[in-house]
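Q: Take a look at the following structure, please.
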Amino acid sequence: PNQSEANLRSPICCIMGHVDTGKTKLLDCIRGTNVQEGEAGGITQQIGATYFPAENIRERTKELKADAKLKVPGLLVIDTPGHESFTNLRSRGSGLCDIAILVVDIMHGLKPQTIESLNLLKMRNTKFIVALNKVDRLYGWKACRNAPIVKTMKQQSKDVQHEFNRRLTDIITQFKEQGLNTELYYKNKEMGETFSIVPTSAISGEGIPDLLLLLVQWTQKTMVDKLMYRNEVQCTVLEVKVVEGHGTTIDVVLVNGVLHEGDQIVGTYLHHKEIKAAQGIKITAQGLEHAIAGTSLYVVGSHDDLEDIKESAMED
Ligand code: GTP
Ligand code: MG
Ligand code: NA
Numbered sequence: 188p189n190q191s192e193a194n195l196r197s198p199i200c201c202i203m204g205h206v207d208t209g210k211t212k213l214l215d216c217i218r219g220t221n222v223q224e225g226e227a228g229g230i231t232q233q234i235g236a237t238y239f240p241a242e243n244i245r246e247r248t249k250e251l252k253a254d255a256k257l258k259v260p261g262l263l264v265i266d267t268p269g270h271e272s273f274t275n276l277r278s279r280g281s282g283l284c285d286i287a288i289l290v291v292d293i294m295h296g297l298k299p300q301t302i303e304s305l306n307l308l309k310m311r312n313t314k315f316i317v318a319l320n321k322v323d324r325l326y327g328w329k330a331c332r333n334a335p336i337v338k339t340m341k342q343q344s345k346d347v348q349h350e351f352n353r354r355l356t357d358i359i360t361q362f363k364e365q366g367l368n369t370e371l372y373y374k375n376k377e378m379g380e381t382f383s384i385v386p387t388s389a390i391s392g393e394g395i396p397d398l399l400l401l402l403v404q405w406t407q408k409t410m411v412d413k414l415m416y417r418n419e420v421q422c423t424v425l426e427v428k429v430v431e432g433h434g435t436t437i438d439v440v441l442v443n444g445v446l447h448e449g450d451q452i453v454g455t456y457l458h459h460k461e462i463k464a465a466q467g468i469k470i471t472a473q474g475l476e477h478a479i480a481g482t483s484l485y486v487v488g489s490h491d492d493l494e495d496i497k498e499s500a501m502e503d
């Protein structure tokens, strides 16, 4: 492989949408975990990062026989809350990402926080893929566990297909009212102009292979410059919180560069020999009670003047 291909960082993907559309459940489905049921009231109240290595993505997409070369080392996905009171967290998440998944419940269509999320993405000119979730709730749906969506649709009765198309058409119209062209991803001939819709179920996993493959292909195809790995550390604080036994900790996203054990960081430090971007990391150290969510982290190089860096940090 040529050098530039081998040296991409992982794209950062933010998952956004109205409350209870299934954002966390979709991540649970990809991870094989059950975080959502452990949440108080089933409501996400923070942003969290999950890393999906390329092997994981390759395995989940193999049925699509895309034969697509994965050039990125993986995918870092950031979950955000959909509840109306967490606009600041949605804004922080959307500010960090290279691409987004906008989750829409097929039974409910566009809702206030869908539109709020849309506006955040538009404002930053962030491209996104629509996950049209909960297709398993269509009356008479035949589950095809973790199957690609085209194969799944062929298994459905005429009634289910008709109901699906009716709801899809309504939702495409709702997007149009927001000034956006959208289309089923496998019919979308002008990716970029028209945003792609991937029907999914976070319960039975239909459409998950399509969603993962599209995310990787889309970022690899259109964001190579942005994803070019750089040595310079770029790191953002997501959350500052007190964890029992650890005192104040910070959750950060390492957007670019490598953090090494022993690096002096203005703010911080952690528990790995080294970590390469993009990754989500929890850091425990002294003095973190002064950290502020949404700001950058600076690594002190051997030739840097600590005071200069402290000054940059104060400007954030
Ligand atoms: P917030 O983080 O609170 O905004 O919600 P969320 O978007 O993360 O939704 P969550 O994952 O909490 O799911 C909300 C509810 O919808 C839960 O009861 C899930 O089990 C259910 N759910 C999510 N995805 C699906 C799906 O694809 N099909 C069905 N039938 N239920 C789903
Ligand atoms: Mg959630
Ligand atoms: Na929820």
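Each number in the UniProt record's numbering comes from the position in the sequence shown (counting from 1) with 187 added on. Glycine is no exception: its CB is placed at the ideal position from the N, C-alpha and C atoms. Remember, predicted model here, so these are calculated numbers, not experimental data.
Please tell me whether, using a cut-off of 8 Å, the distance from the CB of R218 to the nearest non-hydrogen atom of ligand 1 is below it.
A: Walking along the sequence shown from the start, residue 218 turns up at place 31. Every heavy atom of ligand 1 is 8 Å or more from the Cβ of R218, so no.
Q: DSSP has G327 in a bridge; who is on the other side?
A: Residue mapping note: residue 327 aligns to position 140 of the sequence shown, counting from 1. In the DSSP output, where bridge partners are listed per residue, G327 has none listed.
Q: Is DSSP giving C200 helix, strand or coil here?
A: For the purposes of this step, residue 200 is taken as the residue at position 13 of the sequence shown. C200 falls in the strand class under three-state DSSP.
Q: Taking only three categories from DSSP, how would you classify I288?
A: Counting from one through the sequence shown, the residue named residue 288 turns up at place 101. Of the three classes helix, strand and coil, the one that applies to I288 here is strand, per DSSP.
Q: Listed by chain order, which residues have C-beta atoms less than 5 Å from any heavy atom of ligand 2?
A: That gives K210, T211 and T231.
Q: So who's on the other strand from A241, going by DSSP bridges?
A: As a position in the sequence shown, residue 241 is number 54, starting the count at 1. In DSSP, A241 forms no bridge with anything.
Q: Whole angstroms is fine: what's the gap from G392's alpha carbon to H490's?
A: For this step, residue 392 is matched to residue 205 along the sequence shown. For this step, residue 490 is matched to residue 303 along the sequence shown. Cα-Cα distance, rounded: 51 Å.
Q: Ends of the alpha helix (DSSP H) at Q404?
A: The residue given as residue 404 occupies position 217 in the sequence shown. Here the alpha helix (DSSP H) through Q404 covers I395 to T409.
Q: Compute the beta-carbon to beta-carbon distance between T208 and V290, rounded to the nearest angstrom, for a pair I have assumed lies under 8 Å.
A: Taking the sequence shown and counting its residues from 1, the one referred to as residue 208 is at position 21. Taking the sequence shown and counting its residues from 1, the one referred to as residue 290 is at position 103. The Cβ separation is near 4 Å, so the contact holds.
Q: Does the beta-carbon of R247 have 16 or more other beta-carbons within 10 angstroms, so that it is buried, or is it exposed?
A: As a first step, residue 247 must be located in the sequence shown, where it is residue number 60. The residue is buried, with at least 16 neighbouring Cβ atoms inside 10 Å.
Q: What's the gap between the Cα of P268 and the Cα of S388?
A: Position 81 of the sequence shown, counted from the start, is the residue given in the question as residue 268. Position 201 of the sequence shown, counted from the start, is the residue given in the question as residue 388. Rounded to whole angstroms, P268 to S388 spans 19 Å at the Cα level.
Q: If you scan the region 289-373 from start to end, which runs of the beta strand (DSSP E) of 3 or more residues do you find wholly inside it?
A: You should have 314-320 and 369-371.
Q: Does the count of Cβ pairs from the region 475-492 and the region 434-446 closer than 8 Å reach three?
A: Segments in contact, yes.
Q: Buried or exposed: M501, going by 16 or more other Cβ atoms within 10 Å of its Cβ?
A: Counting from one through the sequence shown, the residue named residue 501 turns up at place 314. Answer is exposed; the Cβ neighbour count stays below 16.
Q: For T409 versus G366, is the C-beta distance shorter than 9 Å?
A: The count along the sequence shown starts at 1 and reaches residue 409 at position 222. The count along the sequence shown starts at 1 and reaches residue 366 at position 179. No.
Q: Is L257 helix, strand or coil when you go by DSSP?
A: Here the question's residue 257 lines up with position 70 in the sequence shown. Coil, per DSSP.
Q: Out of S272, L484, E250 and R279, which has the shortest C-alpha to C-alpha gap to C200?
A: Here residue 200 refers to the residue found at position 13 when the sequence shown is read from its first residue. Comparing Cα-Cα distances from C200 to each of S272, L484, E250 and R279, the minimum goes to R279.
Q: Would you mind stating whether residue 511 and I265 have Cβ atoms separated by less than 9 Å?
A: Since the first and last residues shown for the chain are 188 and 503, residue 511 lies out of range.
Q: Say whether the region 325-335 touches the region 226-238, bearing in mind that this needs 3 or more beta-carbon pairs closer than 8 Å, one atom from each stretch.
A: As far as the Cβ criterion goes, the region 325-335 does not touch the region 226-238, which means the pair count is below three.
Q: Just reading off the beta strand (DSSP E) that S499 is part of, what are its end residues?
A: Residue numbering aside, residue 499 sits at position 312 when the sequence shown is read from its first letter. Run containing S499: none in the beta strand (DSSP E); it sits in the alpha helix (DSSP H), L493 to E502.
Q: Return the chain-ordered list of same chain residues with a C-beta closer than 6 Å to the C-beta of H205, the five sequence neighbours on each side being excluded.
A: As a position in the sequence shown, residue 205 is number 18, starting the count at 1. Closer than 6 Å at the Cβ level, and outside the excluded window around H205, lie G269, K298, Q300 and T301.
Q: Quick one, which of S272, F273 and S304 has its alpha-carbon nearest C284's?
A: For the purposes of this step, residue 284 is taken as residue 97 along the sequence shown, with counting starting at 1. Ranking S272, F273 and S304 by Cα distance to C284 puts S304 first.
Q: Give a single yes or no on whether Q300 has its beta carbon closer than 8 Å to a heavy atom of ligand 3.
A: Locating residue 300 in the sequence shown gives position 113, counting from the first residue. No, ligand 3 has no heavy atom inside 8 Å of this Cβ.
Q: Helix, strand or coil for S388, going by three-state DSSP, please let me know.
A: Mapped onto the sequence shown, residue 388 falls at position 201. S388 falls in the coil class under three-state DSSP.
Q: Tell me whether the beta-carbon of L355 lies closer than 9 Å to the beta-carbon of L398.
A: Here residue 355 refers to the residue found at position 168 when the sequence shown is read from its first residue. Here residue 398 refers to the residue found at position 211 when the sequence shown is read from its first residue. Contact flag unset, no.
Q: May I ask which residues mark the beginning and end of the alpha helix (DSSP H) holding Q217?
A: Indexing the sequence shown from 1 puts residue 217 at position 30. A small correction: the amino acid at residue 217 is Ile; Gln does not occupy that position in the sequence shown. That run of the alpha helix (DSSP H) goes K210 to R218.
Q: Shortest alpha-carbon distance to L402 belongs to which of L263, K212, S483 and E250?
A: In the sequence shown, counting from the first residue as 1, residue 402 sits at position 215. Taking only the C-alpha atoms, the option nearest L402 is L263.
Q: Looking only at its own chain, which residues have a Cβ that is under 7 Å from the Cβ of D503, when we skip the five neighbours before and after it?
A: Taking the first residue of the sequence shown as position 1, residue 503 is located at position 316. T482 and S483, listed in sequence order.
Q: Going along the chain, which residues of its own chain have a beta-carbon closer than 6 Å to the beta-carbon of L276, five neighbours each way excluded?
A: To locate residue 276, count along the sequence shown from 1; it is residue 89. Cβ neighbours of L276 beyond the five flanking positions: I234, T267 and P268.
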